[in-house]
Structure formats: C-alpha cells, structure tokens
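What follows is a set of notes on a single structure, which appears directly below.
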Amino acid sequence: MTATWPTPVTLSGKRVTLEPLRHDHHDGLVESARDGELWNLWYTSVPTPDGMRADIDRRLALQAAGSMLPFAIIANASGRIVGATSYMNIESESRRLEIGSTWYAASAQRSGINTQAKRLLLAHAFEELDCIAVEFRTHFFNRASRAAIERLGARLDGILRNHRRSADGSLRDTCVYSIIASEWPTVRIHLDHQLHKPRG
Numbered sequence: 401m402t403a404t405w406p407t408p409v410t411l412s413g414k415r416v417t418l419e420p421l422r423h424d425h426h427d428g429l430v431e432s433a434r435d436g437e438l439w440n441l442w443y444t445s446v447p448t449p450d451g452m453r454a455d456i457d458r459r460l461a462l463q464a465a466g467s468m469l470p471f472a473i474i475a476n477a478s479g480r481i482v483g484a485t486s487y488m489n490i491e492s493e494s495r496r497l498e499i500g501s502t503w504y505a506a507s508a509q510r511s512g513i514n515t516q517a518k519r520l521l522l523a524h525a526f527e528e529l530d531c532i533a534v535e536f537r538t539h540f541f542n543r544a545s546r547a548a549i550e551r552l553g554a555r556l557d558g559i560l561r562n563h564r565r566s567a568d569g570s571l572r573d574t575c576v577y578s579i580i581a582s583e584w585p586t587v588r589i590h591l592d593h594q595l596h597k598p599r600g
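Going by this note's numbering, the sequence shown opens with residue 401, and the numbers climb by one from there.
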C-alpha cells in the first residue's frame, strides 16, 4: 500500500461538501452524532461523544498508513457537519477501495445528502482514481444501510457469515456489495436522476 493514492481532496456538490477529515472537525462531529444518539444503534459503529477524538485519531492514523482517506460530511445549506465517511481498505496496486465507516445525523438521513455524497465519492473513484471496483459493506441487520446501498445501484456480492465480533461481543454477518467500473456509467445516470427528483 502507498500513502500517495488516493491523495486528500475536497469534493463538492450542490447539497454537500466532503472535506478531508481534520481534528478541528471534532465538535461538529460530536454534535452530529448526538442527533439521534447514533452510538446506541447496536448494528452500527458510531463513536460516542467521548470517543469521537479517538475515532478521528484512528482514521487519521489509517490515512497515514495509506489504507484510508476519511472525510467530514458538510451540508451546504447549513454549513454544519452532518456525518463522516471514508475511502477505506484501499488496494492501490489493484485500484480498488471500499466506501465505508459512514454515518449521518438522524436529521440528514433520507434527505438526499447520502445520495450526493456517494455520487461525489463514486465519480472521483472511477473518473479520477481509475478504480476497477468500489465496495460497500454493512451489517446484515442494518436494513436501512442495505436499502441505501441498493438504492445507489450496487449489487450484492455475498454475505460473510461470522465475519467479525462486534463491540458488544455479538458475531456480525457482513453484506458485501460492489459497483464495478463497467457499471459506473449506468449507475451515474441513475444517481443523477435520483438527485434531480423533487423531494416531498
């Protein structure tokens, strides 16, 4: 792995801006996680307010090692941080990565922000980084996350049973989805259509 691919970049769209994660995002991320008390959802791994600084340190350490490129997600309308996401499990030689470690404030969910954030990340991955595939992973029981991934146009590759042990000691089955490079043009059209639909 190499720390030079991919390099930190700011990605901006109409609704959302993704900024390379910094320590001064801490307070905004804490406020965002408190919106819905996301750390209480047993099938997710959202840091508690007290654990947010350690999570930022963890993500930045993985960035320094070349295996992650983390972002803070900012809603353009308010200028407030509404979550976090990352390129992760980066395989520079294969030009393959995962979009993950993603979470959103409750008020930002089902608002179109996730769709635009994923549109920005996918476009950068396929059109600038020349990725051959982009992967998504989520807990089998995280129905909302699975539905959101499927709405993007990603396909289920399979389920890794007893993939890992969660913080509470339970065993997690992980659903693995992906979009491959040849599918990106169609997925891009689909996402652009989703973003231009009126929201009721």
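Ideal placement from N, C-alpha and C gives every residue a C-beta, glycine not left out.
Apply the 10 Å Cβ neighbour rule to residue i and answer buried if 16 or more other Cβ atoms are within range, or exposed otherwise.
{"i": "Glu498", "result": "buried"}
{"i": "His539", "result": "buried"}
{"i": "Asp457", "result": "exposed"}
{"i": "Asn440", "result": "exposed"}
{"i": "Gly600", "result": "With a pLDDT of 41 at Gly600, under the threshold of 50, the predicted position of this residue should be treated as unreliable, though the coordinate-derived value follows. The residue is exposed, with fewer than 16 neighbouring Cβ atoms inside 10 Å."}
{"i": "Leu353", "result": "Outside the shown range of the chain (401 to 600) lies residue 353, about which nothing can therefore be said."}
{"i": "Lys518", "result": "buried"}
{"i": "Pro470", "result": "buried"}
{"i": "Ser545", "result": "buried"}
{"i": "Thr515", "result": "buried"}
{"i": "Ser467", "result": "buried"}
{"i": "Leu571", "result": "exposed"}
{"i": "Gly428", "result": "buried"}
Please confirm whether residue i and residue j have their CB atoms less than 9 Å apart.
{"i": "Pro449", "j": "Arg434", "result": "yes"}
{"i": "Ala475", "j": "Ala508", "result": "yes"}
{"i": "Ile496", "j": "Ile532", "result": "Here residue 496 is Arg; the residue named in the question, Ile, does not match the sequence. Contact flag set, yes."}
{"i": "Gly553", "j": "His590", "result": "yes"}
{"i": "Asp573", "j": "Leu560", "result": "yes"}
{"i": "Leu438", "j": "Ala472", "result": "no"}
{"i": "Leu520", "j": "Ser412", "result": "yes"}
Under 9 Å, Cβ to Cβ, is there at least one residue of chain B near residue i?
{"i": "Ser486", "result": "You won't find chain B in this structure, because it holds only one protein chain."}
Whose CA, out of the options, lies closest to the CA of residue i?
{"i": "Phe542", "options": "Glu535, Ser445, Glu583, Gln463", "result": "Position check: residue 542 holds Asn in this sequence, whereas Phe was assumed. The shortest Cα separation from Asn542 among Glu535, Ser445, Glu583, Gln463 belongs to Ser445."}
{"i": "Ala465", "options": "Ser432, Thr407, Glu437", "result": "Thr407"}
{"i": "Ser578", "options": "Asp592, Arg572, Leu556, Lys597", "result": "Leu556"}
{"i": "Ser501", "options": "Ser582, Leu462, Ser412, Gln594", "result": "Leu462"}
{"i": "Ser492", "options": "Thr404, Pro585, Asp592, Ser582", "result": "Thr404"}
{"i": "Tyr504", "options": "Leu520, Cys575, Pro447, Ser582", "result": "Pro447"}
{"i": "Glu583", "options": "His593, Leu429, Val534", "result": "Val534"}
{"i": "His423", "options": "Gly479, Gly436, Met452", "result": "Met452"}
{"i": "His426", "options": "Val482, Val587, Ser511, Val576", "result": "Val482"}
{"i": "Ala454", "options": "Val430, Thr586, Gly436", "result": "Val430"}
{"i": "Asp592", "options": "Ala581, Gly479, Cys575, Arg551", "result": "Arg551"}
{"i": "Ile513", "options": "Ile580, Arg480, Ala581", "result": "Arg480"}
Which partner residues of residue i appear in the DSSP bridge assignment?
{"i": "Ala484", "result": "Ala472, Trp503"}
{"i": "Gly527", "result": "Note that residue 527 is Glu in the sequence shown, not Gly. None; Glu527 has no bridge partner."}
{"i": "Leu556", "result": "Tyr577"}
{"i": "Glu537", "result": "Checking the sequence, you will find Arg at residue 537 rather than Glu. Answer is Val576."}
Within the chosen definition, does the segment 487-498 reach the segment 412-420 through at least 3 CB pairs nearer than 8 Å? With a cut-off of 8 Å, the segment 412-420 and the segment 487-498 do not count as touching, because too few Cβ pairs lie within range.
If contact is defined by three or more beta carbon pairs under 8 Å, each pair taking one atom from either stretch, is the segment 562-573 in contact with the segment 512-531? With contact defined as three or more Cβ pairs closer than 8 Å, the segment 512-531 and the segment 562-573 are not in contact.
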